[in-house]
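In the UniProt record's numbering, the protein residues as written are 1 to 393.
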C-alpha cells in the first residue's frame, strides 16, 4: 500500500504526461485499486484489512512460486494465512509547521495499527502434520509489518477499545483471498491473532486499572513473590490469548534486574525517606556510569519525547555479558550471576522459534522464580517477569 501511495503522489504531480503508454495504463489501474482500499485524510491514513490481506497473500504465493509448483494440488484444498495484529500509540512527537482544518487535530501524538503475516499452512491449524508452505523468518522484525491505520491521535483506553472493535468487525467479515497462480485458482483463509501489543494495551482491553496488577490472574505485586500461591491461583484463560511480546520480555527482564540492583544497598522494594532515596540514586548513577564505560550502553536515560534508553539491543547486550553485568550491578551480595543466566535461558527459549517442551519449560520457570525469591525476598518481581515465569506455559 505504501508503494501504491507513492505511485499516486508521483502520477498526480507529473499528471502522467511523461510516462510511456503501457506504464501509464498500468498506473491508472493501480490508482483505481488504491482509491478503493485506501482512505486518507490530513489526520489519518487507513487501508481496508481485506484488501491488505489479499495483496499480502498474493505476494507471499508469488515469492514461493517454486514451492507452489512442486507440491500436489491437494495441498491447496485448505490453506490458511496465520497473522498477528496489534496497535500502539506514541505521544510528544515532533510537531511540524502545518495547519489542520480541525482545531482538535495535532501531530504531537500518533496511533498505529498493523498486521504481520506469520505462516502460510496447508491443513487444519491444530493438525501436527500440517504443511508449512511459508514462514516469516523474522516474526519480531518490522520487515513484514503491514500498516492498517496511522492516525494522529493520543492513545487512551477508549481509543484502544474503539480500534480493537473496528478491526475485529473487519475480521468477522473477512472473505478468503483468491489468487490466480499458473492457471490455478488458490483460495486462502485468514486467521488473525491480537497478540502484537504491549502491557498498556493488554491492561486497556482487559479493564486492568493498575500496571502492577497481572491481567491473567488478578494478583498484585505484593503477592508475586508467593510462588506456591501463584502456582495454584485461578487464572482468566480468556486473557491468555493476548500472548507475550518477546521484545518487551527482554526489556522488562533486564529492567527488573537493573532496578533491583539500584536497591541492593537498602534491601527494600521501595525507597522511603531521604537517606534511602539518596543511596538508591547514588547506586543508580554508579551503575549507569559503569554500563557506559565498560559496555558503551546508556541505561535508564529518559528520552526527550518518550520512554527511556532501555531497548531490545541494550537488554540483549546485558544478557550476553552476564559476568560483566553481574559485576557492574554488585554491591554487597549483588545481582547473582545465576539469576541473570536463568533469566537469559528463559528469554532465549521463548525467542528460539522452536517447539518447546512445555512441561520442562514450566518446571524451569517455576525453579527460576523460586531462586529469585530465595535470593531477593525483599524485592517484588515485576509484572512482566511474573507473567512469563508463572503463566508462560
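Here a beta-carbon is modelled for each residue, glycine too, at the ideal position from N, C-alpha and C. All figures in this text were calculated on a predicted structure; none of them were measured in a lab.
- Taking the CA atoms as reference points, residue 206 sits about 7 Å from residue 239.
- With respect to the C-alpha of residue 149, the residue from 39, 337, 349, 338 having the closest C-alpha is 39.
- A straight line joining the alpha-carbon of residue 291 with that of residue 364 spans about 29 Å.
- Taking 3 residues as the shortest admissible run, the stretch 155–210 contains the following complete beta strand (DSSP E) segments, listed from N- to C-terminal end: 177–181, 184–194.
- Beta bridge pairing from DSSP links residue 87 with 113.
- Residue pairing of residue 45 in beta bridges, as defined by DSSP: 40, 150.
- Following the DSSP letters along the chain, one finds residue 247 inside the alpha helix (DSSP H) bounded by residues 246–262.
- If you look at residue 125, you'll find it isn't in any alpha helix (DSSP H); DSSP assigns it neither H nor E.
- DSSP places residue 389 in the helix class (H, G or I) of the three-state scheme.
- Annotation: residue 125 to residue 134 spans about 14 Å, alpha carbon to alpha carbon.
- Counted as a single uninterrupted DSSP element, the stretch harbouring residue 340 is not any beta strand (DSSP E) but the alpha helix (DSSP H) occupying residues 337–351.
- CA-CA distance, residue 151 to residue 374, rounds to 47 Å.
- DSSP lists no beta-bridge partner residue for residue 93.
- Ranked by Cα distance from residue 254, the first of 212, 279, 217, 300 is 300.
- Burial state of residue 262 is buried, judged by a 10 Å Cβ sphere holding 16 or more other Cβ atoms.
- Between the stretch 344–359 and the stretch 270–280, the count of Cβ pairs shorter than 8 Å is below three; the stretches do not touch.
- With distances taken between CA atoms, residue 201 lies nearest to 86 out of 377, 138, 86, 147.
- The Cβ atoms of residue 84 and residue 244 lie no closer than 8 Å to each other.
- Burial of residue 117 is indicated by the presence of at least 16 other C-beta atoms within 10 angstroms of its C-beta.
- The three-state reading of DSSP puts residue 220 in strand, counting E and B together.
- Here residue 343 is near residue 257, since their CB atoms are less than 8 Å apart.
- At least 8 Å separates the beta-carbon of residue 52 from that of residue 99.
- Between the stretch 214–226 and the stretch 54–69, the count of Cβ pairs shorter than 8 Å is below three; the stretches do not touch.
- A direct Cα-to-Cα measurement between residue 77 and residue 187 gives close to 8 Å.
- Taking C-beta atoms as the reference points, residue 107 and residue 92 fail to come closer than 8 Å.
- Fully contained in the stretch 267–337 are the following alpha helix (DSSP H) runs of length 4 or more, in chain order: 274–295, 312–320, 322–328.
- With contacts defined as CB atoms closer than 8 Å, residue 204 and residue 380 fail to qualify as a contacting pair.
- Under the DSSP assignment, residue 238 falls outside any beta strand (DSSP E); it carries neither an H nor an E label.
- Bridge pairing for residue 80: 121, 189 [DSSP].
- Ranked by Cα distance from residue 357, the options 325, 157, 389, 393 are led by 393.
- Taking all protein chains in view, the Cβ of residue 131 is surrounded by fewer than 16 other Cβ atoms within 10 Å, so the residue is classified as exposed.
- CA-to-CA, the gap between residue 390 and residue 260 works out to about 19 Å.
- Separation of the CB atoms of residue 155 and residue 109 is rounded to 7 Å, and the pair is thereby assigned contact status at 8 Å.
- With contacts defined by Cβ atoms closer than 8 Å, residue 163 and residue 195 do not form a contacting pair.
- Distance from the Cα of residue 189 is smallest, within the candidate group 121, 302, 251, 225, for 121.
- Across the structure, residue 147 and residue 298 are spaced so that their CA atoms are roughly 31 Å apart.
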